[in-house]
Structure formats: C-alpha cells, structure tokens
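In order, the protein sequence lines correspond to chains A and B.
Our numbering applies: residue 85 is where the first sequence begins, and numbers increase by one.
Our numbering applies: residue 55 is where the second sequence begins, and numbers increase by one.
C-beta atoms are modelled at their ideal positions from N, C-alpha and C, and glycine is treated no differently.
Encoded as structure tokens, the structure appears first; notes follow it.
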Amino acid sequence: MSNPRHLFILLGFLAQGLTWESYPAMLAVGALWLAAVTSFHRKFKVTLTTEAWALIVGCVLSLAVNRLLQRSAHFFLGDGLILLQLCRLMRPLTPREKLTSLIIATFHFGVLCTLAPNIRFVVLFTGALFVLPGALKETFLDSTLPDHNARPDAYPFRFVPTARVALWLLLGSGFVFITFPRFTGSPLQLRESFAEHASLLDSVLDPRSGGSANSKQILMQIEGDRVGYLKCFALTEFDGIRWQADHNSKLLPYQHTLETNFRNSSRFLHRRVHVKTSQYLGNKVPVDGAPVFMRQNFFGRTGHNPLTGAIEPASMWTTGDNVYEYYIDTEPAPEPLEPSLAQRLMEHPPQSQRLNEWLEKITAKGTNSFEKALLVQTHLRNNFIYELGTPELSRLSPIDDFVFNRKEGHCERFAAAMALFLRMQSIPSRVVIGYVATTRNLFTGRLQVRFSDAHSWTEGYFPDKGWVRLDATPGPSADSTSSNFKDMLEALDFAWYSHVVNFNGFAQRELMTGTANTLRRIPPDVWQVATWAMILLLTTTTLIRFGRYRRWKWRWNPKPSARISQSVVRHHYDRMLNIVARKGLAKEEPDTPNEFVIKVDHESAPLRDEVAIVTESFCRTFYGEKALSKSELAETEQALKRLKERCSEKEEV
Amino acid sequence: MVRRRLTPLGKLFAGLLFLFYVASVTSQSGLLLLFIGLIGGCYVVNWWFATRSVKFMRVTPPEEVYLEEGGTPAQPWRFENYATKHAEIVEVLHEKKILFRIPVVKTKESVSVVPGIVYKRRGVYPNARVTLTCAAPYGLLRATRTLQLPGEVVVFPRVYNLDSPASAGTEMISGGRFRGARRVSNGSHFAGVRAWQSGDSIKQVHWKSTARRGDLMVKTFEEELGGRVSLILDCSRANEETVDNAVRAAASLVSATLQDGHHLELIDLTEEPVLRLAPFSDESEVFERLARYEVPVKRASLNIQDLWRRSSVVLVSTQWNEQWEDLIAEARQQRRSVHVYLPPRAHVPLHLDAEIHYYLENSILEEPTQFAR
Numbered sequence: 085m086s087n088p089r090h091l092f093i094l095l096g097f098l099a100q101g102l103t104w105e106s107y108p109a110m111l112a113v114g115a116l117w118l119a120a121v122t123s124f125h126r127k128f129k130v131t132l133t134t135e136a137w138a139l140i141v142g143c144v145l146s147l148a149v150n151r152l153l154q155r156s157a158h159f160f161l162g163d164g165l166i167l168l169q170l171c172r173l174m175r176p177l178t179p180r181e182k183l184t185s186l187i188i189a190t191f192h193f194g195v196l197c198t199l200a201p202n203i204r205f206v207v208l209f210t211g212a213l214f215v216l217p218g219a220l221k222e223t224f225l226d227s228t229l230p231d232h233n234a235r236p237d238a239y240p241f242r243f244v245p246t247a248r249v250a251l252w253l254l255l256g257s258g259f260v261f262i263t264f265p266r267f268t269g270s271p272l273q274l275r276e277s278f279a280e281h282a283s284l285l286d287s288v289l290d291p292r293s294g295g296s297a298n299s300k301q302i303l304m305q306i307e308g309d310r311v312g313y314l315k316c317f318a319l320t321e322f323d324g325i326r327w328q329a330d331h332n333s334k335l336l337p338y339q340h341t342l343e344t345n346f347r348n349s350s351r352f353l354h355r356r357v358h359v360k361t362s363q364y365l366g367n368k369v370p371v372d373g374a375p376v377f378m379r380q381n382f383f384g385r386t387g388h389n390p391l392t393g394a395i396e397p398a399s400m401w402t403t404g405d406n407v408y409e410y411y412i413d414t415e416p417a418p419e420p421l422e423p424s425l426a427q428r429l430m431e432h433p434p435q436s437q438r439l440n441e442w443l444e445k446i447t448a449k450g451t452n453s454f455e456k457a458l459l460v461q462t463h464l465r466n467n468f469i470y471e472l473g474t475p476e477l478s479r480l481s482p483i484d485d486f487v488f489n490r491k492e493g494h495c496e497r498f499a500a501a502m503a504l505f506l507r508m509q510s511i512p513s514r515v516v517i518g519y520v521a522t523t524r525n526l527f528t529g530r531l532q533v534r535f536s537d538a539h540s541w542t543e544g545y546f547p548d549k550g551w552v553r554l555d556a557t558p559g560p561s562a563d564s565t566s567s568n569f570k571d572m573l574e575a576l577d578f579a580w581y582s583h584v585v586n587f588n589g590f591a592q593r594e595l596m597t598g599t600a601n602t603l604r605r606i607p608p609d610v611w612q613v614a615t616w617a618m619i620l621l622l623t624t625t626t627l628i629r630f631g632r633y634r635r636w637k638w639r640w641n642p643k644p645s646a647r648i649s650q651s652v653v654r655h656h657y658d659r660m661l662n663i664v665a666r667k668g669l670a671k672e673e674p675d676t677p678n679e680f681v682i683k684v685d686h687e688s689a690p691l692r693d694e695v696a697i698v699t700e701s702f703c704r705t706f707y708g709e710k711a712l713s714k715s716e717l718a719e720t721e722q723a724l725k726r727l728k729e730r731c732s733e734k735e736e737v
Numbered sequence: 055m056v057r058r059r060l061t062p063l064g065k066l067f068a069g070l071l072f073l074f075y076v077a078s079v080t081s082q083s084g085l086l087l088l089f090i091g092l093i094g095g096c097y098v099v100n101w102w103f104a105t106r107s108v109k110f111m112r113v114t115p116p117e118e119v120y121l122e123e124g125g126t127p128a129q130p131w132r133f134e135n136y137a138t139k140h141a142e143i144v145e146v147l148h149e150k151k152i153l154f155r156i157p158v159v160k161t162k163e164s165v166s167v168v169p170g171i172v173y174k175r176r177g178v179y180p181n182a183r184v185t186l187t188c189a190a191p192y193g194l195l196r197a198t199r200t201l202q203l204p205g206e207v208v209v210f211p212r213v214y215n216l217d218s219p220a221s222a223g224t225e226m227i228s229g230g231r232f233r234g235a236r237r238v239s240n241g242s243h244f245a246g247v248r249a250w251q252s253g254d255s256i257k258q259v260h261w262k263s264t265a266r267r268g269d270l271m272v273k274t275f276e277e278e279l280g281g282r283v284s285l286i287l288d289c290s291r292a293n294e295e296t297v298d299n300a301v302r303a304a305a306s307l308v309s310a311t312l313q314d315g316h317h318l319e320l321i322d323l324t325e326e327p328v329l330r331l332a333p334f335s336d337e338s339e340v341f342e343r344l345a346r347y348e349v350p351v352k353r354a355s356l357n358i359q360d361l362w363r364r365s366s367v368v369l370v371s372t373q374w375n376e377q378w379e380d381l382i383a384e385a386r387q388q389r390r391s392v393h394v395y396l397p398p399r400a401h402v403p404l405h406l407d408a409e410i411h412y413y414l415e416n417s418i419l420e421e422p423t424q425f426a427r
C-alpha cells in the first residue's frame, strides 16, 4: 500500500474521478484502489485476457452511464483504464507491466491538469510531487535489481524525495510553467472560444433547466463602494412570446478623457473589477452605470451599444490577472434617445383586451409615464411571488398566463413582463441581464459576484430622466452565509485562478515585457554598482566555499583514506630520518625500517621509542595500506616533536 | 568526461512530455505545464545524481588478470565514492557487458567487488575500455564516464587434451618423453650398469655393483629425446568462431608439444616475430601471444627455409589454402612429417601428402575419415 507506484496510481484514479464532477465518484475509485491493494491483492487469478475484458467493459460501462446521465462521454477510455489498473493492482507485475501502469497513471494525472484548475489540483499535484519520483525510482529499481534479495539490507532505498529535491522539482515546475512558450491566449483562439461561449448568461435566465445559475462559483470580484446593478447586455426584440437580443446594432465609440478628471471626486465612483476568466463575460463588460473612464488589460477598445446600453469590446482575451477599472458618474445627465431607436424599443405585438384593461386599472392613478411605470413595478413586487423552477408558461399567451394565472416566477419573467407593460404604455424599454452582487469577501474586502448573483431587470426610457432601472422582481433572498475561512479559501481560489490558471501567452508576454521594462528603467550607475557587487559576492562566495572545501577535506571523516595517510606519514618519516641523520644515525639503503629501529636502539637508545612510533605508523600505512585515525596521526606528530626536542637537548649539552 | 544519454525509459517519457505539451496548447489553463515541469524536474535530478555518482567514483582495478576462456576473475575491483552524497545503482560495463552492478556506495566509503562476468572468448580486454555508468535514481537518463584505467584482462584460449604431433630433428633433451637406443651417463630412467671407462665421472659409479663385481661399474640411463615442431597458424578469411577454434587447437598443440619435451616454433604469419620455445618452457608467453592473436590484414609470406632445418610441420588453418601445397611438397621432400589441422568439412586436395586432422570447438576429431576428402 505504501508502494509509491500504487500511490501514484491512486492519484491517477482520483484525477480520473474528478471528471465525474462528484466527490462520491472520487471516493468510490479510492475505495476500489484500497480494496485492490489490500483485500484482493493476489486473491484472484487475473490474466491478460481478463484485463483486456476489464478495459472493454469499463469503456462500455462509462459510455452507457454517461449517456444515461446525459453527460459528456469524452473520458470513457480513462474510466476503462481504471478497471485495467485495478486488475493489475491485484497481481504481481513484470517490470514492463509496471511501467505501463505508471504511464496510464501519468495520463490520468494529465487529465486532471486540464480539468481541475482549482484547489483540488493543488492537493493532488502536491501529492504527485512526492509520489511520482518514488514511482519512477521503484520502476527503475525493479528493472535493474529485480531480485529484492540482491538489494543491501542495511541500506533502504529512499523512494520519497527529500524536501530539498521536492523543492527543486517544484521550482523546476514553476520555471517550465513561466518560461515555456504557450499558444493559449492568441487572438485566433480567442475568437473561437467566444463563438462557443458567447452567451453564457443565457442559461441563467432559466435557472432550473440547467446552466450555472445556482453555482456559487465566483466569476469576478469588485473593489469599490456602492456597487449597484451590473449590467451586461439587454434584450430588445420581443416577438410576443420571448425576448431576444439584437446582434446587428453598431457600436458607438466611447469618448474617454483623462483619469485625473475623475480621481478624488465624490461625484465619480471608482471600481476595479478582477475577472476570474474572461470567457464568463461573453464579450460584454459588466458595469453598474455609465462609465466615464475605463482602463483594462484583457480586452481591447470598447464601444457603447445605443440600443442595449451594453459596453462591448472589439476583442477580449484571458490574461494572468484580468482586471478592468472604471469611473461612473453618480449624477449623469439624461442621455438622448434617437427617435428611430425609441420607436424600435416600443414595438410589441398587440396584447389581449384583458391584459390591456388590467394594465389600465393598475396605472390609473399615475399622472405621468414615470409614475405609471412605478405603479406597475410596485404592483408586481407586492402581488407576485419570486419562485425558481416554476412550470413553463403557456406558449400561446405567456404574459396573460403569468399575470392572471401563475403570478410567480424568476426574475426574467418579471423583467420581461415589466418591459412589455412599459411598451404597452409607449415607454421605450428593454430587458437587462446582469448581476447583483450581495456578498463581500471578509478577507479581501472585495465584493464577490457569483453565477448565482445573475439577475434580470428592466430599463425604461423617460425623456426627462433618461434610462431608469426598474426591478419588478419581488426581492430574491440574498445568500449571506459567509465566514472568514470560507472567504479566505475563496480569495485564494480567485488568486490562483487569476495568476496561475489564467497565465497564458498574453500573461507570459506581459510578464516578460514588464520584467524587461523594469530592468531597462534601472539607471546605468546602479547597473555598474550591481555588477561590481555581484563580482565581489561571487568571489567571496567562491573563496569561502574553497576554504570550506579544503577544511572539509582535511577534516574528512574520522577515517581518512590510506592514500592521504600515506602521503602524510611518508612526510613524517622523512622528517624523522632527517632529524636522526643529523645525529649521525643515517639509514642505509638496504636497511628495512624495522632494522633501522634496531640500529637506533643499539646506537642511541633514548630515541628508540619515538623512532619506533613513527616507523610503525609508516609501515602500517605504507605497506599495510591502512588509514591512520586522527588520534594515531596526532600521536605520530607528537613523537616527531619529542624526537626533535630530544635531539636539540643533546646538541645543547 | 561524463556523457549523458537518454535511456529508453527517458525517451518514452520525453515522448509523453511532448504529447502533454501539445495537449497544453489546446487547454485553456497551462497547468499541464506544471506537470511537464515536474517530470522535467525528475530528468534534472536524474542528470545531477547520475553525473555525480560516476564523476566522484574512484575505481581501482587489478592491473593484470590472466584467465582461460570460460573463467571468472578472482581479483577484486575497488570502488571509492568521494562525493558528499551516496551513489546508487552504479554499473561498470566492458563493451556493453556488465562487469558489476553496485547497489549502493555510501559517501566516503569504498567497496571491493569481484566481477561476476564469465569471459567466454579469448582476447585482451583492456581496462581502458571500461565505462562507469549510472541511471539512478529514476532511470530516465544515463551518465557514462570512460575510466581510462590501467591494466587489462588477458583471456587465454582454452586448452584441451590431445597428443602432440609427431616431431622431427630429434635430439637429447633432459626429461624428454621419447627414449633413444643409446645409453647415456645421466638421465631419469635407469638402464643398467657397465664397466668403467676412461672419462667417466666418479659420480657415475654404481657402488653396489662395483662391490659385487670387484671392478668399477658405472650407471647408464636411457637416452631422453625431444624433437622440433614448427607450428604455423594461418587464420585468414574466416569467421570469428572458426578463428577461435583454430587458436584453441593451436594452443592445445603448443601445450602438448612442450609438455612432451619438444622444441616449438610458432609462426602466426603476422608482423610479430617468430616465437621459439625450449621444451617444458612456460606456456604463458605463447598463450598470451595466442590470446592477442588477430587475423592479419596482410598475411606474411612463408618459405620452408624460414622454418627450423629439422622439424615437423604442423599447419593449423581455418581453411585450405592452395599456397600451402608447395610448402607441404617441399617439406615432404625434406622428409619432414606434415600435419594439417582444419575445421570440419574443409576442402582438402585428395593428392595431399600430409596427415589431416579436423578440430572442433573443444576437441580434435578421433575419426577424421567421416569427413572424407
């Protein structure tokens, strides 16, 4: 179970389990792995044919279940491979089969990298950081030393890399991640992706029928106060049954001025919006008013759609940290509406007599169009119910069905009904789609916009007031559950997305360019000083390292090698011979070292002990090839010192 | 110098990395690059560890090792790791054959290992060709260092038992296996006694017979004789196995010839000088010559005058060469005996006046008639 290859296979299982987007599925594959490596290990006879069948059955099962659940079956092969791996976990494998299992697990893990760009990836990647090297090593050892008895008992091979190696691996991963050229983030690819995700928000209008309306996933965070309704786009065309967006209107260029005009002014409110992934925006820029200044790093020049009032960029991409900031005017002047557009925004098919009468009754007390609009809004808010997942309205006369029968629904029904009622009173109107952020992250202080914050409301045009927001939805309850820990996790998740997941070709180029620009801004004098400082640092470090190395070599272990001892003791022995030679005790060439000791004993007995010590060390090392310990070396040096002193004493006498 | 090369496993994973890189192009997030970096990091760790393992390993081989084919050396090699870290799975290769595989050498430790390799072919295996390799810890790439070590392993050709060829130019050799008709004053085989003659040494006196006969009697011994054999080795144009068989046959003939007390001259038609050996000489010199023998690119010419004037001719060859016909004819004219040793099924002329033998891998065929000429 502690086998690193088995653990890496488990990581692969968990990664593949993530494709099912359910924790029970992950737990199930984890439990299967546990059973295979413990209870069922070597209990069954698993043949190659069984494994082939397991693979086929796994693939077919995956396809069938995915079809049943109406899910994508892209990963059926990975599911089949899980069954194959399970079979292999239950029997002993050859080195080649172990390698195959490792590669399959690697593929499973590769799937994780493309599918789970969140905290789950961080957890599993950290596991892989320690387990994958061990699995590789185990595979290598099994192929080179298949006989476990041949491995030295006293030396257990280390499969988990040391913290130092793990750190290097992590740095290597980071280096590759930052520097490797990537192709994500090119304009060509962006156009394709927008074609696919052009109307992500469409799905939120009918929340219970799928989509991400109830998802708590954060799509952007906003820095700023008094953030209102964030408008994305508007539905302007009504055919009597449903509202649709107009895709043909031309954009008007924005007249931007300098930021200094708005900075530090209480009239203009500043917002900085961090977007998790630009694809979530569907090529629309959410703003909570009429922006007077805008700066951004992930979309191009923006334009204003006079029909819908949406801000639309010419192009949009994802970068390392998708940010745009803008100022809104809290006291905007009423903007004019072209008669042709006003006429278009009042078009609607004739409605039933009953509905006309009902509307007249509701608006009877209103003295002008604005008051009438407010009366309709108030009526809907007070007498209707906000409810998600209500049955579909009658296709023949949906508004009548809503007003007279159901009287309940989600925000889109209220917004659509309100817009129609305004048009029936000759007030230009449109259904607006956007977000209403309600929670603020306690950790970062940013307002968080989730998919579940998607909302729909109405805008009516009044000549003296301009476009006025009218929200007829009877107050949906805000999710106010929040905690420090949850907010911290969400802040981390958002930062991870912004800086890691979104790090693509654009972000890479930005980083490189930014670094180059920063370096370019450094004055030449600083460069010169820095260069000299580096040279000095390098020299000092080299000297220190060299000194340590020398000292280390000298200290090298309590057991120095015989070779080093030989050279040292040979030196001492020569010195000893020189010292005693001055006393007339020369060693003749045919004399062996021991014979010379005897000669010294005969001719100058007091020197015998010291000469014997040096000679013994010399013979042990030189002929016996034994290394001298530090104490033995010290004893030899002491004997040499004493010998020198005694010879000097004699001279003095 | 340390060379690094990707192992098959390394190439496999490199391909996998390339696939992942291609996949990362289509993936919106670049997290796959982190995984690529992790595996790439394993390559770097492998590169660093394997390089250190072979770079800081001091190897001391035995200087000279002599073996016979099929033998295993008994002298240990010493490995000393003077790096600051341990080394794992270090292999010593000689021409792609693994001499050693050392699981672990701890830092500042030395281990002595006897190679478990069996040298199956004769030849000289210089330690300079030995390489130290390591692919630990992940087996993704292999660092290799050619050691340039002194010494060599000399593998003698295997010798099998056979009778020595008939010799010629017989002369008295102390210890010779052949007996002459004459009686001589010294030797190892007592032949009898005879009356003392002028010039006989006092040491030759057989005192017991002298006492019994009353006259001085001296010991006589059987004459011990040895001949001369000229062995010619010609291995031109043959495959490796046949050459080895021929060399084994030549070595066996050399051994038998010298042990039977004959003089031997070995002519291998290379640029090396002719090797002439006295009876009972140490065979190692000639065996080493045969161990080092390589088929000459340009075969030296040979005349009958180049041989001893009185010797039998033994020709060991890998195939029949028509050029030998003149030499054999001349030898026969000089009444030399000629033995030709060839591989089985070698074509030999029918009229050839020589004794033909066929050698196998480990023996000489007892009944050569089965390969009828």
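Problem - Which of helix, strand or coil DSSP assigns to P180 (chain B) - result: strand
Handout entry: Inter-stretch contact (C-beta, 8 Å, three-pair minimum) for the stretch 188–205 of chain B and the stretch 213–226 of chain A
Key = Judged by Cβ distances under 8 Å, the stretch 188–205 of chain B makes contact with the stretch 213–226 of chain A, as three or more pairs qualify.
Problem - Residue range of the unbroken alpha helix (DSSP H) whose run includes M502 (chain A) - result: C495 to M508
Handout entry: Proximity test, Cβ basis, 9 Å: I187 (chain A) and chain B
Key = Chain B places a beta carbon closer than 9 Å to that of I187 (chain A), counting this residue as a contact.
Exercise for the section: Please decide whether F706 (chain A) counts as near chain B, where near means a Cβ-Cβ distance under 9 Å. Expected result: Interface flag for F706 (chain A) against chain B is unset, since no Cβ pair is found closer than 9 Å.
Practice task
For T190 (chain A), go through chain B and note every residue whose CB falls closer than 7 Å to its CB, in chain order.
Solution key: L70
Practice task
Over the uninterrupted alpha helix (DSSP H) stretch that includes V487 (chain A), give me the two end residues.
Solution key: Looking at the DSSP string, V487 (chain A) is not in any alpha helix (DSSP H), and its letter there is neither H nor E.
Handout entry: Identity of the residues DSSP links to I469 (chain A) by a beta bridge
Key = I469 (chain A) is bridged by DSSP to A:E492.
Problem - Expected contact under 8 Å - CB spacing of E319 (chain B) and R330 (chain B) to nearest Å - result: The pair is a contact, with the Cβ atoms about 5 Å apart (cut-off 8 Å).
Practice task
Put V349 (chain B) into one of helix, strand or coil per three-state DSSP.
Solution key: coil
Practice task
Return no unless some Cβ of chain B is closer than 9 Å to the Cβ of A247 (chain A).
Solution key: no
Exercise for the section: Output yes or no for whether 9 Å exceeds the beta carbon distance between A200 (chain A) and A99 (chain A). Expected result: yes
Handout entry: Distance, R212 (chain B) Cα to G124 (chain B) Cα
Key = 8 Å
Problem - 9 Å Cβ cutoff, E280 (chain A) in contact with chain B - result: Per-residue confidence for E280 (chain A) stands at a pLDDT of 37, beneath the threshold of 50, marking its modelled position as unreliable; the derived number appears in the next sentence. With 9 Å as the cut-off, E280 (chain A) does not count as an interface residue toward chain B.
Practice task
State the Cα-Cα distance for the pair D191 (chain A) and P217 (chain A), rounded to the nearest angstrom.
Solution key: What sits at residue 191 (chain A) in the sequence shown is Phe, not Asp. Taking the straight line from one Cα to the other gives about 16 Å.
Exercise for the section: Please decide whether G170 (chain B) counts as near chain A, where near means a Cβ-Cβ distance under 9 Å. Expected result: no
Handout entry: Test: S194 (chain A) CB closer than 9 Å to a CB of chain B
Key = Here residue 194 (chain A) is Gly; the residue named in the question, Ser, does not match the sequence. Taking a beta-carbon distance threshold of 9 Å, G194 (chain A) counts as an interface residue toward chain B.
Handout entry: DSSP state of M660 (chain A) mapped onto helix, strand, coil
Key = helix
Practice task
Count the other C-beta atoms from every protein chain shown that fall within 10 angstroms of the C-beta of V272 (chain B), then say buried if there are 16 or more, exposed otherwise.
Solution key: buried
Handout entry: Per-residue DSSP class, three states only, for C171 (chain A)
Key = helix
Practice task
Taking C-beta pairs closer than 7 Å, name the residues in chain A that F133 (chain B) reaches, listed in chain order.
Solution key: Contacts between F133 (chain B) and chain A, judged by CB atoms closer than 7 Å, are missing: the closest CB pair is about 13 Å apart.
Handout entry: For P397 (chain A) and T414 (chain A), believed in contact at Cβ under 8 Å, the rounded distance
Key = Wrong, their Cβ atoms sit about 24 Å apart, outside the cutoff.
Exercise for the section: Return the residue from the list B:S355, B:H260, B:R233 and B:V247 that minimises the CA-CA distance to D288 (chain B). Expected result: From the listed residues B:S355, B:H260, B:R233 and B:V247, the smallest Cα separation to D288 (chain B) is found for B:S355.
Practice task
Assign A521 (chain A) to buried or exposed, taking buried as 16 or more other Cβ atoms, counted over all protein chains shown, within 10 Å of its Cβ.
Solution key: By the Cβ neighbour-count rule, A521 (chain A) is buried, with 16 or more other Cβ atoms within 10 Å of its own.
Problem - Of the residues B:H405, B:P398 and B:D360, the one placed nearest E376 (chain B), counting alpha carbons only - result: B:H405
Practice task
Examine chain B for any beta-carbon lying closer than 9 Å to the beta-carbon of N332 (chain A), and answer yes or no.
Solution key: no
Exercise for the section: List the endpoints of the continuous alpha helix (DSSP H) containing D288 (chain B). Expected result: Per DSSP, D288 (chain B) belongs to no alpha helix (DSSP H); it is in the beta strand (DSSP E), M271 to D288.
Problem - Within chain A, the residues that A77 (chain B) reaches when beta carbons sit closer than 9 Å - result: Residues of chain A with a Cβ closer than 9 Å to the Cβ of A77 (chain B) are, in chain order, G194, C197 and T198.
Handout entry: C-alpha distance - D290 (chain A) paired with R524 (chain A), whole-angstrom precision
Key = With a pLDDT of 43 at D290 (chain A), under the threshold of 50, the predicted position of this residue should be treated as unreliable, though the coordinate-derived value follows. The alpha-carbon atoms of D290 (chain A) and R524 (chain A) are separated by roughly 26 Å.
Handout entry: Inter-residue Cα distance where the pair is L622 (chain A) and P179 (chain A)
Key = Approximately 47 Å, taken between the alpha carbons.
Handout entry: Cross-chain neighbours of V98 (chain B) in chain A, by beta carbon under 8 Å
Key = W252 and G256
Problem - 9 Å Cβ cutoff met for L95 (chain A) and G211 (chain A) - result: Going by C-beta atoms, L95 (chain A) is nearer than 9 Å to G211 (chain A).
Practice task
Note down, in chain order, each residue of its chain lying with its Cβ closer than 6 Å to the Cβ of E307 (chain A), except the 5 sequence neighbours on either side.
Solution key: R356 and R530
Problem - Interfacial residues, the stretch 302–314 of chain B to chain A, with Cβ spacing under 7 Å - result: none
Exercise for the section: Along the alpha helix (DSSP H) that carries D685 (chain A), what are the first and last residues, could you check? Expected result: P677 to E687
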